[in-house]
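Chemist:
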Amino acid sequence: MPTNIIYDGSFEGILTVIFDCYERKLEPFCISPRSNNQSSLFSDRIEIDADPEKSNRVLNGLFKKISKNGIDKLYKVFCSELPERELLILEYCKKIFTSKYNIANDFRSQPVLRVQQIVKMINREIHRMHAFVRFQKTKDDIYAATIKPDFDVLALSVDHFKKRYQDQLWLIYDIKRDYGIYYDKAELKTVQLNNPVWTERHQIKEEVLAENEKRLQIMWKKYFDSTCIEERKNMKLHLRHVPHRYWRYLPEKTIL
Amino acid sequence: MKKSIEEKLAILADAAKYDVSCASSGSNRSNKNKGLGNSTGMGICHSYSEDGRCISLLKILLTNYCVYDCAYCISRSSNDVERAAFTVQEVVDLTINFYRRNYIEGLFLSSGIFKNADYTNERLIRIAKKLRTEENFHGYIHLKIIPGASEEVIQEAGMYADRLSVNLEIPTEKQLKKIAPEKDHSSVYQPMNLLTEKIFENKEDRRKYKKTPKFSPGGQSTQVIIGASPEQDLTILNLASSLYNKQRLKRVYYSGYIPVNEDSRLPVVTNAPLIRENRLYQADWLMRFYGFDVKEIVDDANPNLDLRMDPKLSYALRHPELFPIDINTAPYELILRVPGIGVKTAKLIVKSRKFGKVRYEHIRKMGAAMNRAKFFILVPGTPIPPTIQPQKIKHQMVSNSQQNQLQLFA
Ligand code: SF4
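Chains A and B, in that order, are what the protein sequence lines are.
Remember, my numbering sits 32 above the position in the first sequence when you count from 1.
Remember, my numbering sits 228 above the position in the second sequence when you count from 1.
1) When we look at the beta-carbon of B/E459 and count the other beta-carbons within 10 Å, is it buried (16 or more) or exposed?
2) Can you look up B/L634 in the DSSP assignment and give me helix, strand or coil?
3) Quick check on the burial criterion: 16 or more other C-beta atoms within 10 angstroms. Buried or exposed for A/K96?
4) Can you pull the chain A neighbours of B/R516, defined as C-beta to C-beta under 8 Å?
5) Give the straight-line distance between the Cα atoms of A/A136 and A/L106, rounded to the nearest whole angstrom.
6) Should A/V90 and A/I38 be called a contact, given that it needs their Cβ atoms to be closer than 8 Å?
7) With a cut-off of 8 Å, do at least 3 Cβ pairs link the stretch 398-407 of chain B to the stretch 269-289 of chain B?
8) Below 8 Å, how does it come out for the stretch 291-306 of chain B and the stretch 402-418 of chain B: are there three or more Cβ pairs, yes or no?
9) I need the boundaries of the beta strand (DSSP E) containing A/R56, first residue and last residue.
10) For my contact list, A/C125 and A/L94 are in at a C-beta cut-off of 8 Å; report their separation, rounded to the angstrom.
11) Specify, as a first and last residue, the run of the alpha helix (DSSP H) that B/G386 falls within.
12) Please state the DSSP three-state secondary structure of B/D433.
13) Just to confirm, is the Cβ distance from B/M263 to A/D199 under 8 Å?
14) For ligand 1, any of its heavy atoms closer than 7 Å to the Cβ of A/A176?
15) Specify, as a first and last residue, the run of the alpha helix (DSSP H) that B/A241 falls within.
16) Starting from the C-beta of A/F256, find all residues in its chain whose C-beta is less than 8 Å away, skip the five residues before and the five after it, and write them out in chain order.
17) Quick one: does the C-beta of B/D297 sit closer than 7 Å to a heavy atom of ligand 1?
18) Give a yes or no on whether the minimum CB-CB distance between A/C306 and chain B is below 8 Å.
19) Give me the chain B residues within the contact set of A/K195, using Cβ-Cβ distance strictly less than 7 Å, ordered along the chain.
20) Cα separation between B/A251 and B/G269?
21) Against A/H270, what residues of chain B qualify as contacts under a CB-to-CB distance less than 8 Å, listed in chain order?
22) With respect to 7 Å, is the separation between the Cβ of B/S303 and the closest non-hydrogen atom of ligand 1 below this value?
23) Quick one, which of A/P143, A/E85, A/L120, A/G102 has its alpha-carbon nearest A/I63's?
24) Which residues in chain A have a C-beta closer than 7 Å to the C-beta of B/E234? List them in chain order.
25) Please report whether the beta-carbon of B/H370 lies at a distance below 8 Å from any beta-carbon of chain A.
26) A/G93 lies in the alpha helix (DSSP H); which residues open and close that run?
27) Can you tell me whether B/I453 sits near ligand 1, meaning its C-beta is under 7 Å from at least one heavy atom of the ligand?
28) Mind the definition here: the stretch 424-441 of chain B touches the stretch 321-331 of chain B only if three or more C-beta pairs lie below 8 Å; say whether that holds.
29) Are there any heavy atoms of ligand 1 lying less than 7 Å away from the beta-carbon of B/T373, as far as the coordinates show?
30) Quick one: is the Cβ of B/A389 within less than 7 Å of any heavy atom of ligand 1?
31) Determine whether the Cβ of B/S580 lies closer than 8 Å to any Cβ atom of chain A.
32) Quick one: is B/Q617 buried, meaning 16 or more other Cβ sit within 10 Å of its Cβ, or exposed?
33) Rounded to whole angstroms, how far is the Cβ of A/K169 from the Cβ of A/L241, which I believe are closer than 8 Å?
34) Using the C-alpha atoms, what's the distance from A/P228 back to B/L240?
35) What's the C-alpha gap between A/T231 and A/K268?
36) Could you name the residues that DSSP lists as bridge partners for B/F365?
So, in structure tokens, the structure goes:
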């Protein structure tokens, strides 16, 4: 029966949806998170919330067919927040469950290839977070950064920072999704700031920065300018590597 | 008058920028004892300068004072340029401060030569040592080894650095002598060969005894300047190939000569040979990742790379007898040789074809550049089956690639 499914927007939620589709023989033409679908135009909609037992059964079923890496891929597709993600995950899982072999490497198949392509996009965004996050030291000795990634990749990005910056307090805050991850020199904590005040560029306000911070940023900018070979200047190439939408992260691009 | 850190940074970053190596890869160093930093093996470009080059490391000279007078170098002793020198502590502080803010992967430290090679090297090493032992720093450190360095100095440098490099600069000794009279190739090859040995031994030792301290775990690299002397690509690529095979270098960097000095010993050039440099990197890539032998890329009949097209396409057009290649049956190595198919796409193809026939549409979607690949492959679903007419393809590709180049180098 063709249906419109509304679910709670969590990864466990979408796995639960998959379970129900099998059990109740649903063929959804649209699966969307609740927050995105306030309209009650569709009278035939079904609401599904995450059910740990059901989602675990789907996960276990997947584990029997594909590797851990393959499941990570599905999670990345989920983090893409693309409107197509739920139907794609469903279609992908169906393919996996109905074929005899592990078809996770059959890139001739449209959903398998599409998952691969989205994973590539996500990985690139994670990589860009590793590259372009810029910490600013605050008066209370926290190295803080704000980000606004295209996809919801903060949680996928922080392991790298945890391994690297073990002897400093740091915070990376996603201002678009209004949550951050804070490292207290022992472990990572997800945090939500009450009434955070950013500058109009969504940066940390200058009055909370440590004394030397601006000077260091200017030094970095000086280094950035001095290391460029004028005779080879190539703004097209520069822009391809540092797209405009990341400039707001970078003191070397925002300091005049 | 004493210079501020800012002034020194401007002078000594500017003087270091002609060394083109930027990689922060090849070394796995984990963070120990709750310290600062690590290296993940991949390396990260944290920014790109406006010339489009990756900025991964804080790349500076300790000083641009130099007793040598190499014709091609901005810092040569006979030039009247502003000079500066960092103190050890200044470099340490800059590195740490930049690193904590996620500006860089680490430090690339080189220097003009004051007094002699070892005296200079010892100062570079002092900085690396301080970072490792006093600051508990595990980020990436690339140290330049000054030609003529002694074994003791090399041994110590390798204990703290992730990568070391001795620069050949000019591809042949004869030309080097002409434009850098104080230098010779043996003073480069001696430390380089020593490094090769030590790096190799250290790898073996670490395999046997896990506790053995690392010695330059990211290996070594070198740089050759292109176009300051008349060597052909054949000479340069043969040199690179032997550096990869004999000295086991991780990277050879090609630096298109930028005319910074007027000097009767140097060719008169107005623009850096950027396209040639790019072609050399592509050729280098073919040797390192595509299983090409240097002889397949350049030979006596074709001693220079074709500037109008990439060397892989150029190879395919010189060898029409090898094509078309059957995408569904050819081994991976041959699929890699198809122009327009890169390592990633080749891997997807080989994985997928186990499940059934791979078709034209599939490989297009997997990322093959069909405008080039279509001439060289047999695959079901092809709109027009290929007939390989090198002249025709060449014509078509060259006009395409000239447009691309305008994009790349405009
Ligand atoms: S030794 Fe190095 S710094 Fe000195 S002139 Fe030669 S290339 Fe320049």
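Where a beta carbon is used, it is the ideal one built from N, C-alpha and C, also for glycine.
None of the values given here were measured: they were computed from a predicted structure.
Modeler: For this structure:
1) buried
2) Because the pLDDT of B/L634 is 38, which lies under 50, any placement of that residue in the model is unreliable, and the number read from its coordinates should be weighed accordingly. It is helical.
3) exposed
4) Those within 8 Å of B/R516 in chain A number zero; the least Cβ separation is about 22 Å.
5) 11 Å
6) no
7) no
8) yes
9) Here A/R56 belongs to no beta strand (DSSP E), and DSSP marks it neither H nor E.
10) About 7 Å separates the CB atoms of A/C125 and A/L94; that is less than 8 Å, so the two are in contact.
11) 379-388
12) helix
13) The sequence as given places Gly at residue 263 of chain B; Met does not occur at that position. For B/G263 and A/D199, yes; Cβs fall inside 8 Å.
14) no
15) 233-244
16) Excluding sequence positions up to five before and after A/F256, its CB lies within less than 8 Å of the CB of E284, all in the same chain and listed in chain order.
17) yes
18) Lying outside 33 to 288, the shown extent of chain A, residue 306 of chain A is not represented and no answer is given.
19) Here the neighbours are N259, N266.
20) 10 Å
21) Here the neighbours are Y276, S277, E278, D279, G280.
22) yes
23) Closest option to A/I63, Cα to Cα, is A/L120.
24) M251, K254
25) So no, B/H370 is outside the interface.
26) 84-97
27) no
28) no
29) Sequence check: residue 373 of chain B is Ile here, not Thr. B/I373 Cβ: outside cutoff for every heavy atom of ligand 1.
30) no
31) Under the Cβ distance rule, B/S580 counts among the residues neighbouring chain A, one pair being separated by less than 8 Å.
32) By the neighbour-count rule (16 or more Cβ atoms within 10 Å), B/Q617 is not buried but exposed.
33) 7 Å
34) 40 Å
35) 29 Å
36) Paired residue(s): B/L264.
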